[in-house]
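Visitor: Below is one structure. I have some questions about it.
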Amino acid sequence: MGWWIQSLYWISIAAVAHTYIGYPLFIIWLASRHPARLTSPFPTDATDWPKVAILISAYNAEKCILARIKNLIECEYPPGRMTIVVASDGSTDATALIAKESDVANLIVMDFKERRGKAANLVRAIDRLEDEVDADVLVFSDATSHFSIKAITSLARHFVDKTVGVVSGRVCMLTDSGQSAEGLYWRMESRVRQSEANLGIMTGVSGAIYAIRRSMFVEPGCPTINDDMVFPILA
47 MGWWIQSLYW
57 ISIAAVAHTY
67 IGYPLFIIWL
77 ASRHPARLTS
87 PFPTDATDWP
97 KVAILISAYN
107 AEKCILARIK
117 NLIECEYPPG
127 RMTIVVASDG
137 STDATALIAK
147 ESDVANLIVM
157 DFKERRGKAA
167 NLVRAIDRLE
177 DEVDADVLVF
187 SDATSHFSIK
197 AITSLARHFV
207 DKTVGVVSGR
217 VCMLTDSGQS
227 AEGLYWRMES
237 RVRQSEANLG
247 IMTGVSGAIY
257 AIRRSMFVEP
267 GCPTINDDMV
277 FPILA
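The opening position of the sequence shown corresponds to residue 47 in this note's numbering, with each subsequent residue numbered one higher.
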């Protein structure tokens, strides 16, 4: 029995080491030998850009929702080809009211009274969009996120290629003063994701910034809390 327990112990240690050390080093090494990063040209005509709907699932976000909306309308994107959707997930504060009073032309506010959680809230928002918004690409984000001015164009340009179904952005963690707050784990995670992307692998995205071609979005067959893992896998 002793040898069996010792073997199981070392196998478990090896499995953990592979997950946190072996796989990251292997995938980074493999990507360095096969630098096949996908690049897509920027469309030259405004009408060539896909129409995008940016979905924000918000719960009791009255302190940040206005800043989020302002951040999005300041992003570069051709006029008339972007719609912002704020889906209030049963908020008990003034989230929906503040969003409605922001007086933004390309903004839709969905004030859902029942709280269902982020993933389920996004699904019902997308269901309602079927009759309200003509969009080719769904961009997902959070109420507390902040996009760089070129974030939306950097995501959307890849969808000019009809073979692209999912695109993930890169999340940078900053302090209130704008300094980097990324630890070793997150820097390694970002490097692994970039290496996977260079190899054409998409095992997950950053929930704060990712996009899916609308025609490829599939509603989960059962409840989930990990939209940034389940939505891309189903697409």
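Ideal Cβ placement from N, Cα and C applies to all residues, glycine included.
Just grab the DSSP bridge partners of residue 188 for me.
Guide: Locating residue 188 in the sequence shown gives position 142, counting from the first residue. Per DSSP, 103.
Visitor: Taking the C-alpha atoms as reference points, what is the distance between residue 247 and residue 213?
Guide: Taking the first residue of the sequence shown as position 1, residue 247 is located at position 201. Taking the first residue of the sequence shown as position 1, residue 213 is located at position 167. So the alpha carbons of these two residues sit roughly 11 Å apart.
Visitor: Within this structure, are the beta carbons of residue 131 and residue 107 separated by less than 9 Å?
Guide: On the sequence shown, position 85 is the one that residue 131 refers to. On the sequence shown, position 61 is the one that residue 107 refers to. No, the pair does not count as a contact, with Cβ atoms beyond the cut-off.
Visitor: Ordered along the chain, which non-local residues of its own chain (more than five positions away) have a Cβ less than 8 Å from that of residue 242?
Guide: Within the sequence shown, numbered from 1, the residue matching residue 242 stands at position 196. Result list for residue 242: 73, 77, 248, 249, in chain order.
Visitor: Tell me, to the nearest whole angstrom, how far the beta carbon of residue 175 is from that of residue 166; I am working on the premise that it is less than 8 Å.
Guide: Taking the sequence shown and counting its residues from 1, the one referred to as residue 175 is at position 129. Taking the sequence shown and counting its residues from 1, the one referred to as residue 166 is at position 120. Not quite, the Cβ-Cβ distance comes to about 15 Å (not below 8 Å), so this is no contact.
Visitor: How is the alpha helix (DSSP H) around residue 67 delimited, first residue to last?
Guide: Here residue 67 refers to the residue found at position 21 when the sequence shown is read from its first residue. Run containing residue 67: none; DSSP gives neither H nor E here.
Visitor: In this structure, does DSSP put residue 150 in helix, strand or coil?
Guide: Counting from 1 along the sequence shown, the entry for residue 150 is found at position 104. If DSSP states are grouped into helix, strand and coil, residue 150 belongs with coil.
Visitor: Using the Cβ count rule (16 or more neighbours within 10 Å means buried), how would you classify residue 63?
Guide: Position 17 of the sequence shown holds residue 63. Exposed.
Visitor: Within the region 208–278, note down every full beta strand (DSSP E) run reaching 3 residues or more, in order along the chain.
Guide: 212–214, 255–259
Visitor: By a C-beta neighbour count over all protein chains shown, 10 Å radius and 16 as the cutoff for buried, is residue 23 buried or exposed?
Guide: Not covered by the structure: residue 23. The range shown for the chain is 47 to 281.
Visitor: Please name the residue or residues paired with residue 158 in a DSSP beta bridge.
Guide: Taking the sequence shown and counting its residues from 1, the one referred to as residue 158 is at position 112. Its beta-bridge partners are 135.
Visitor: What is the DSSP secondary structure of residue 199, counted as helix, strand or coil?
Guide: Position 153 of the sequence shown holds residue 199. Reduced to three states, the DSSP call for residue 199 is helix.
Visitor: With a cut-off of 8 Å on the beta carbons, I'd call residue 172 and residue 121 a contact; round off their distance for me.
Guide: Here residue 172 is taken as the residue at index 126 of the sequence shown, counted from 1. Here residue 121 is taken as the residue at index 75 of the sequence shown, counted from 1. With 8 Å as the limit, residue 172 and residue 121 do not qualify as a contact, their Cβ atoms being about 21 Å apart.
Visitor: In this structure, what does DSSP give as the bridge partners for residue 169?
Guide: By one-based count along the sequence shown, residue 169 stands at place 123. Answer is none; residue 169 lacks a bridge partner.
Visitor: Determine the extent of the alpha helix (DSSP H) in which residue 114 is found, giving its start and end residues.
Guide: Your numbering for residue 114 matches position 68 in the sequence shown. Note, residue 114: alpha helix (DSSP H), 111–119.
Visitor: Residue 126: which of 143, 103, 153 sits nearest, CA to CA?
Guide: Position 80 of the sequence shown, counted from the start, is the residue given in the question as residue 126. Closest option to residue 126, Cα to Cα, is 153.
Visitor: Do you know how far the Cα of residue 192 is from the Cα of residue 134?
Guide: Within the sequence shown, residue 134 is the residue found at index 88, counting from 1. Within the sequence shown, residue 192 is the residue found at index 146, counting from 1. So the alpha carbons of these two residues sit roughly 18 Å apart.
Visitor: Residues in its own chain within less than 7 Å of residue 117 by CB, not counting five upstream and five downstream?
Guide: Position 71 of the sequence shown holds residue 117. Counting only Cβ-Cβ distances below 7 Å, and skipping sequence neighbours, we find 192, 193.
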